[in-house]
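A.B. asks:
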Amino acid sequence: GQQVQQSPASLVLQEGENAELQCNFSSTATRLQWFYQHPGGRLVSLFYNPSGTKHTGRLTSTTVTNERRSSLHISSSQTTDSGTYFCAPNTGYQNFYFGKGTSLTVIP
Amino acid sequence: NAGVIQTPRHKVTGKGQEATLWCEPISGHSAVFWYRQTIVQGLEFLTYFRNQAPIDDSGMPKERFSAQMPNQSHSTLKIQSTQPQDSAVYLCASSPGQAEVFFGKGTRLTVV
Chain A
25 GQQVQQSPAS LVLQEGENAE LQCNFSSTAT RLQWFYQHPG GRLVSLFYNP
75 SGTKHTGRLT STTVTNERRS SLHISSSQTT DSGTYFCAPN TGYQNFYFGK
125 GTSLTVIP
Chain B
265 NAGVIQTPRH KVTGKGQEAT LWCEPISGHS AVFWYRQTIV QGLEFLTYFR
315 NQAPIDDSGM PKERFSAQMP NQSHSTLKIQ STQPQDSAVY LCASSPGQAE
365 VFFGKGTRLT VV
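Top line first, the protein sequences correspond to chains A and B. Mapping the first sequence onto our numbering, position 42 (from 1) lands on 66, and the numbers just tick up by one. Mapping the second sequence onto our numbering, position 10 (from 1) lands on 274, and the numbers just tick up by one.
1) Considering only C-alpha positions, which residue in the set B:L285, B:P325 and B:R273 is nearest to M333 of chain B?
2) Taking A283 of chain B as the reference, give the member of B:H293, B:T271 and B:I290 with the closest Cα.
3) Which of the three DSSP states is assigned to N315 of chain B in this structure?
4) Within its chain, find whatever has a CB closer than 6 Å to the CB of T89 of chain A; leave out the 5 residues flanking it on each side and keep chain order.
5) Straight-line CA distance for F25 of chain A to F122 of chain A?
6) Considering Cα atoms alone, identify which of A:T54, A:G65 and A:Y60 is closest to F71 of chain A.
7) State the Cα-Cα distance for the pair V36 of chain A and G125 of chain A, rounded to the nearest angstrom.
8) Name the chain A residues whose beta carbon is nearer than 7 Å to that of Y312 of chain B?
9) Is the Cβ of F329 of chain B closer than 7 Å to any Cβ of chain A?
10) Can you tell which of A:S127, A:F110 and A:T129 has its C-alpha closest to the C-alpha of W58 of chain A?
11) Using beta carbons (cut-off 7 Å, strictly below), is K78 of chain A in contact with chain B?
12) Quick one: complete alpha helix (DSSP H) runs, 4+ long, within the region 82 to 132 of chain A?
13) Does K369 of chain B come within less than 7 Å of chain A when only Cβ atoms are used?
14) Taking K275 of chain B as the reference, which of B:P360, B:T346, B:F366 and B:G361 has the closest Cα?
15) Anything in the region 284 to 306 of chain B with a Cβ closer than 7 Å to a Cβ of chain A? List those residues in chain order, please.
16) Could you tell me whether the Cβ atoms of L56 of chain A and N42 of chain A are closer together than 7 Å?
17) Are the CB atoms of S69 of chain A and K78 of chain A within a distance shorter than 7 Å?
18) Return the residue from the list B:S337, B:F329, B:L307 and B:K279 that minimises the CA-CA distance to L355 of chain B.
19) From B:T374, B:V375 and B:F366, pick the residue whose C-alpha is nearest to that of G267 of chain B; which is it?
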């Protein structure tokens with residue numbers, strides 16, 4: 025199955041700093057999603073981004089399909105951004121494999 | 265659109281008892297996924313249905329776990345003879361084919 029590596033495993037930022045989260049995967053993916061999870065909360069979809077660059081608010085996702093990697097950039101971080109970010113690629117009609125996530129803590 | 269609905273939200277069972285978890289996917293979505301989340305193992309894939317047919321159950325512990333999707337509006341995950349190591353948050357997700365996946369809030373199962 026798909027192997028997904030996310031880095032860094034954890035990250036601590038001062039409020040206002042930027043963050044770059046990386047996702048590398050072992051097999052070609054035709055679908056890729058980034059999710060956010062607050063402790064004890066639901067997995068919330070941030071981006072469905074199989075290729076290219078997408079923006080929403082302070083978040084930018086860039087997926088380079090042929091290099092099997094994706095990144096999530098958070099600009100001007102806020103304390104409410106704290107939580108765990110997951111990357112999940114898959115191919116066609118297959119299940120999604122999740123990385124172990126990046127735990128982000130933003131301190132005021 | 266109420267999203268993916270999972271019931272119950274919390275369930276406590278005694279060791280050896282049976283637990284049944286329910287999932288109502290988003291109307292019109294053809295794919296339904298079940299995952300399990302623990303601190304130690306993270307997010308583990310269990311099983312996947314497409315158009316109600318089981319497609320991949322490679323993540324299911326075969327002896328005590330079973331999943332069904334009797335109609336397009338709900339799926340169940342049944343765990344027989346529950347063990348403490350089954351304690352986890354069980355997540356259901358649905359997708360309209362080859363597109364974005366949406367998750368429910370999960371069922372927290374505690375086996376005492």
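Ideal Cβ placement from N, Cα and C applies to all residues, glycine included.
C.D. replies: Reading it off the structure:
1) Here residue 333 of chain B refers to the residue found at position 69 of the second sequence. Of the candidates B:L285, B:P325 and B:R273, the one whose C-alpha sits nearest the C-alpha of M333 of chain B is B:L285.
2) Your numbering for residue 283 of chain B matches position 19 in the second sequence. Taking only the C-alpha atoms, the option nearest A283 of chain B is B:T271.
3) Within the second sequence, numbered from 1, the residue matching residue 315 of chain B stands at position 51. In this structure, N315 of chain B counts as coil in the three-state DSSP scheme.
4) Walking along the first sequence from the start, residue 89 of chain A turns up at place 65. Counting only Cβ-Cβ distances below 6 Å, and skipping sequence neighbours, we find S75.
5) Walking along the first sequence from the start, residue 25 of chain A turns up at place 1. Walking along the first sequence from the start, residue 122 of chain A turns up at place 98. The sequence shown places Gly at residue 25 of chain A, not Phe. Whole-angstrom Cα-Cα distance: 11 Å.
6) Here the question's residue 71 of chain A lines up with position 47 in the first sequence. The shortest Cα separation from F71 of chain A among A:T54, A:G65 and A:Y60 belongs to A:Y60.
7) For the purposes of this step, residue 36 of chain A is taken as residue 12 along the first sequence, with counting starting at 1. For the purposes of this step, residue 125 of chain A is taken as residue 101 along the first sequence, with counting starting at 1. Each residue's Cα considered, the two are about 14 Å apart.
8) As a working note, residue 312 of chain B is residue 48 in the second sequence. Correct list: N119.
9) Mapped onto the second sequence, residue 329 of chain B falls at position 65. It does not; no Cβ of chain A falls within 7 Å.
10) For the purposes of this step, residue 58 of chain A is taken as residue 34 along the first sequence, with counting starting at 1. With distances taken between Cα atoms, W58 of chain A lies closest to A:F110.
11) Within the first sequence, residue 78 of chain A is the residue found at index 54, counting from 1. No - not a single Cβ of chain B is within 7 Å of the one on K78 of chain A.
12) Qualifying alpha helix (DSSP H) stretches: none in this window.
13) The residue labelled residue 369 of chain B in the question sits at position 105 within the second sequence. Yes, K369 of chain B counts as interfacial toward chain A.
14) To locate residue 275 of chain B, count along the second sequence from 1; it is residue 11. It is B:T346 whose Cα lies nearest to the Cα of K275 of chain B.
15) F297 and G306
16) Along the first sequence, one-based indexing puts residue 56 of chain A at 32. Along the first sequence, one-based indexing puts residue 42 of chain A at 18. Not in contact: L56 of chain A and N42 of chain A (Cβ atoms no closer than 7 Å).
17) Working through the first sequence from its first residue, we reach residue 78 of chain A at position 54. Working through the first sequence from its first residue, we reach residue 69 of chain A at position 45. For K78 of chain A and S69 of chain A, no; Cβs fall outside 7 Å.
18) Counting from one through the second sequence, the residue named residue 355 of chain B turns up at place 91. Residue B:L307 holds the alpha-carbon nearest to the alpha-carbon of L355 of chain B among B:S337, B:F329, B:L307 and B:K279.
19) Locating residue 267 of chain B in the second sequence gives position 3, where the first residue counts as 1. That would be B:F366, whose Cα lies nearest to the Cα of G267 of chain B.
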